[in-house]
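Asker: Position 315 (the sequence shown) corresponds to 599 in the working numbering; numbering is contiguous.
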Amino acid sequence: MPKTITGWGTHNSSFIASVTYSAHNPMELHRRSRFQVSLLTKQQSTYNHAYLLFDKSPKRVNVSTIDIQFTTCANNTEMGLTKTVAFIDNNTTRNVICEESSITGLPGKHQMIRALNSFGPEGDIELGRAYHALIVKKGLCFDEFVRTSLVDMYAKCGDMESAVRLFSVMDCLDVALCNCLISGYVRNGMFDKAFRFFVQIQSNGVVPNHYTYSAMLSACGKLSAIKEGMQIHVCVVKTEFLSDPAVGNALLKMYMKYGMMKEAELLFTSLEEKNIISWTTIINGFYRRGDFLKALILFCSMGETGFDHNEYTYTTAIACCGSLKDLNTGRMLHAQAIKKKLALNNFVGSALLKLYSDLGKMDEAKLQIKNMEPSTVSWNSLISGFVNNEKTEEAVKIFCDMIENEGKCDEFTYSVILKACSSLPSLANCQQIHSHALKTKFDINTHVGSSLIEAYSKCGCLEDAEKVFDQLLAADVVAWNSMIKAYSQNSYPGKAISLFINMIKEGHRPTSSTFVAILSACSHSGLIEEGKKFFNSMVKTHGIAPEEIHYSCMIDLLGRANKLEEALDFIDNLPIEPTAPLWRPLLAACKYNGNLKLAEHVAKKILDLDPNDAAVYVTLSNMYAEKGRHADVEKERKLMTLKNIIKEPGCSWIEANHKIHRFFSHDKTHQITPEIYDELHKVVKQIQDSRPGATTILEENALYHSEKLAVCFGLLSLRTGKPIRVFKNLRVCTDCHLFMKKLSLVANREILLRDNYRFHHFKQGCCSCKDYW
Ligand code: ZN
Ligand code: ZN
């Protein structure tokens, strides 16, 4: 039945006096309504009469007079009116409208359209609805352009339901209106609906234009609908829309997205009109696919074809240089970018900074950040550059600069800097960063939390690690793993195992790293049966195939428990070829258990695989020394000299008075060296007095080991009662271990020693490792 709406303003225009809309003849209406709108546009005064449909009051609509009675007039099918009125009733919205109208006077049709068109993807839907109410009130809602803008506004704001409802009562169908809905569907991820609508409008006689095709191609890209995309490709070739750059670029993007690089390149070459977007798309596409060289070649061709490079193409090209580790080309691009005044542009500048950081050119990286307005990404690049180049103290300095310059930290910043602090390691820095994270509320972020747990655990502060873990809102598997690892490294195998059980109870799937942590917990504490059980459950229960690291944990577990034969058997029956990292724990176990014969056999195996492994020579020569076989000790040393193998020097760190102090073995470079050596001699005497005759074989050589010097420095410079934390790059030797135990008793001091393997907490003459390390 034809729907008749009468009552359009009758005062000024006879054309508008009575318009009959027929739902049966949309195209006719389309023609007529356009005519009508053009008249409306000419006769500004007709606006003032249009609203009479809803408001009998002859006075001009004053926004502040819009009231709730509005509803009573709404005896029509206008969509969402009740809702709209509710919004009008909302004071904030009302104020917004009032403000708008106080600036512009009462908005007219063009102002309305302009206002509606200004809505972006994150438009304020409430404001949009308020505009809609005003439009209804003013009677503009039958204007085709206004309604199209309304549909567009709802679609942009993501309220597709309202957009569709409004669309369905519109009598005319044109491609612009349909495009609003299609792009709305695509933008809101309703790709299926976009497709159905696309087919439907064509059967209703709407001819798609370049805008429709671009939107649909973008849908194909997102919907994994490559077949449909290719059909559209055929359509655009037939309809000659391919010459439209937007359509060509949308097709290009679609092929790129599916990794159909050949098709993309072919299409790109055949594009009649390449614009800057086409070039950017293809260069970026190859970069994303990891074909950095191709991307760089295309970058050069772009310049040769007369296109000016922009910030995006420079950014991609510089990133390609980083991935290709091609510093020279990177520097050349830098020079070009300077000429074009793009070097300090946010994107290009950050890319250059990342390039220099990644390639270890930290001076150039620092210079770059000094010259630009640094973003979080730039700060992060610089910090991680220093961290990756093992300049952790510098990294901490840059982090402080970042805070001073009011740089905004994100989770990446915290994770990287905490990693630096835990390798430094510096408890003071960790605490400072933690308090900063607390302020910015990043401490409950699961990534930052995991890094905090790891940092505290590496500083031996298990309680702090636990606190962080407990406060995490939603601990993910990484956080669980960090906490299990923390217990494992700090000699709490029981806690590690029960946390592992809880983790599974709470529905988290353990990962390969979980098993590394749990197997090390077992091996550190001689829990052989438990270890075997966990190892067997990896495949059977959790479907995780063991890797080299897990086998190595098992060999360590068996070896430490003096089950050397079983460990050897385990290696023989491995499904993989035994590697040097798999033999090493067995050699360590031979030393620990004093089995020289097997050690010689294992040493040979390791040297076959890694002839320059200094640790093998050192272990063997120490074992010979223990047995008093000095000739063999000398032989090993000569072999090392002959092969030019240098043993990594033992080095220990201690943090005191906001500074990290480093000590090597027999080190005499520290400012207060005499005091440190005096202190060492004093405590050695105290220890010997407390336990007469206490010597170990290596005592003479081991007396000035770096950790002893560091701990004595700690005794001198840290206040009484404060635990002494020392970190060492190599595994602690038996002599130093015994020394620390005794010292913790005679000096009544807690000592935390982290070597490259685990943590030792010395207290009242005992170590947390229970001498099992
Ligand atoms: Zn030592
Ligand atoms: Zn220990």
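Quick reminder that beta carbons are idealized off the backbone N, C-alpha and C, glycines included.
Leu858 to His792, Cα distance in whole Å?
Answerer: 29 Å
Asker: Check this for me: beta carbons of Leu501 and Ala548, under 9 Å apart or not?
Answerer: no
Asker: Starting from the C-beta of Asn765, find all residues in its chain whose C-beta is less than 7 Å away, skip the five residues before and the five after it, and write them out in chain order.
Answerer: Thr795, Ser797, Thr798, Ala801
Asker: Is any non-hydrogen atom of ligand 2 found closer than 8 Å to the C-beta of His989, if you look at the structure I gave you?
Answerer: no
Asker: With a floor of 4 residues, list each alpha helix (DSSP H) that falls wholly inside the segment 698 to 780, ordered by position along the chain.
Answerer: 711 to 723, 730 to 742, 746 to 755, 761 to 773
Asker: For the segment 949 to 956 against the segment 966 to 976, do three or more pairs of beta-carbon atoms, one drawn from each stretch, fall closer than 8 Å, so that the two count as touching?
Answerer: no
Asker: Which word fits Gln773, buried or exposed, when buried means at least 16 other C-beta atoms lie within 10 angstroms of its C-beta?
Answerer: buried
Asker: Any heavy atom of ligand 2 inside 8 Å of the beta-carbon of Phe1011?
Answerer: Answer for Phe1011: no, Cβ out of range of ligand 2.
Asker: Roughly how many angstroms lie between the CA atoms of Met396 and Pro529, to the nearest whole one?
Answerer: 31 Å
Asker: Tell me which residue opens and which closes the beta strand (DSSP E) that His945 is part of.
Answerer: 943 to 948
Asker: Can you tell me whether Asp1055 sits near ligand 2, meaning its C-beta is under 8 Å from at least one heavy atom of the ligand?
Answerer: yes
Asker: Ends of the beta strand (DSSP E) at His1044?
Answerer: 1043 to 1047
Asker: In whole angstroms, give me the CA-to-CA distance for Asn655 and Asp642.
Answerer: 19 Å
Asker: Would you decide whether Asn838 is buried or exposed? Buried here means 16 or more other CB atoms lie within 10 Å of its CB.
Answerer: In the sequence under discussion, the amino acid at residue 838 is Met, which differs from the Asn named in the question. Looking at its Cβ environment, which holds 16 or more other Cβ atoms inside 10 Å, Met838 is buried.
Asker: Taking Val1060 as part of the alpha helix (DSSP H), name the residues at either end of that continuous run.
Answerer: The chain is shown from 285 up to 1057; residue 1060 falls before or after that span and cannot be answered.
Asker: Select from Ile653, Asp894, Met907, Glu861 the residue whose C-alpha is nearest the C-alpha of Lys881.
Answerer: Relative to Lys881, the option among Ile653, Asp894, Met907, Glu861 whose CA is nearest is Met907.
Asker: Hey, could you find the ends of the alpha helix (DSSP H) Glu939 is sitting in?
Answerer: Glu939: not part of any alpha helix (DSSP H); member of the beta strand (DSSP E) spanning 935 to 940, first to last residue.
Asker: Hey, how far is the Cα of Met767 from the Cα of Lys511?
Answerer: 48 Å
Asker: Output the boundary residues of the alpha helix (DSSP H) element that contains Ile839.
Answerer: 832 to 844
Asker: On a CA-only basis, which of Phe696, Leu1014, Ala763, Glu688 is nearest Ile667? Give me that one, please.
Answerer: Nearest Cα to Ile667 within the set Phe696, Leu1014, Ala763, Glu688: Phe696.
Asker: Just the C-alpha distance for Leu871 and Pro830, rounded to the nearest angstrom, thanks.
Answerer: 22 Å
Asker: Is the Cβ of Lys817 closer than 9 Å to any Cβ of chain D?
Answerer: Any reference to chain D falls outside this structure, which holds one protein chain only.
Asker: Taking DSSP as the reference, what is the three-state secondary structure of Cys456?
Answerer: coil
Asker: Hey, out of Glu861, Cys743, Ser734, Tyr876, whose CA is closest to Lys889's CA?
Answerer: If we check each option's Cα against that of Lys889, Glu861 comes out closest.
Asker: Assign Leu580 to one of three DSSP states: helix, strand, or coil.
Answerer: Helix, per DSSP.
Asker: Given a cut-off of 9 Å, decide if Arg844 and Tyr1056 are closer than it, judged by their beta-carbon atoms.
Answerer: yes
Asker: Select from Thr1004, Ala1031, Ser936 the residue whose C-alpha is nearest the C-alpha of Asn1040.
Answerer: It is Ser936.
Asker: Measure the CB-CB distance between Val483 and Cys464 and report whether it falls below 9 Å.
Answerer: no
Asker: Do the segment 1017 to 1025 and the segment 743 to 755 meet, that is, are 3 or more Cβ pairs less than 8 Å apart?
Answerer: no
Asker: Below 8 Å on the Cβ atoms is my guess for Phe479 versus Ala503; work out the distance and round it to an integer in Å.
Answerer: 7 Å
Asker: Apart from the five residues just before and just after Ile938, which ones in its own chain have a Cβ nearer than 8 Å to its Cβ?
Answerer: Ile944, His945, Phe947, Ala994, Val995, Phe997, Gly998, Ile1008, Arg1009, Val1010, Phe1011
Asker: Does the Cβ of Asp427 have 16 or more other Cβ atoms within 10 Å, making it buried, or fewer, making it exposed?
Answerer: buried
Asker: Please name the residue, chosen from Ala899, Lys393, Trp663, Asn559, that lies closest to Thr589 on a Cα-to-Cα basis.
Answerer: Asn559
Asker: Excluding the 5 residues flanking Val732 on each side, which residues of the same chain have their C-beta closer than 7 Å to its C-beta?
Answerer: Glu695, Tyr698, Ser699, Ala721, Phe726, listed in sequence order.
Asker: Is His942 near ligand 2, going by C-beta to nearest heavy atom under 8 Å?
Answerer: No, Cβ of His942 sits at least 8 Å from all heavy atoms of ligand 2.
Asker: If we call anything under 9 Å between Cβ atoms a contact, is Leu1062 one with Ile561?
Answerer: The structure shown does not extend to residue 1062, since the chain is modelled only from 285 through 1057, so no value can be given for it.
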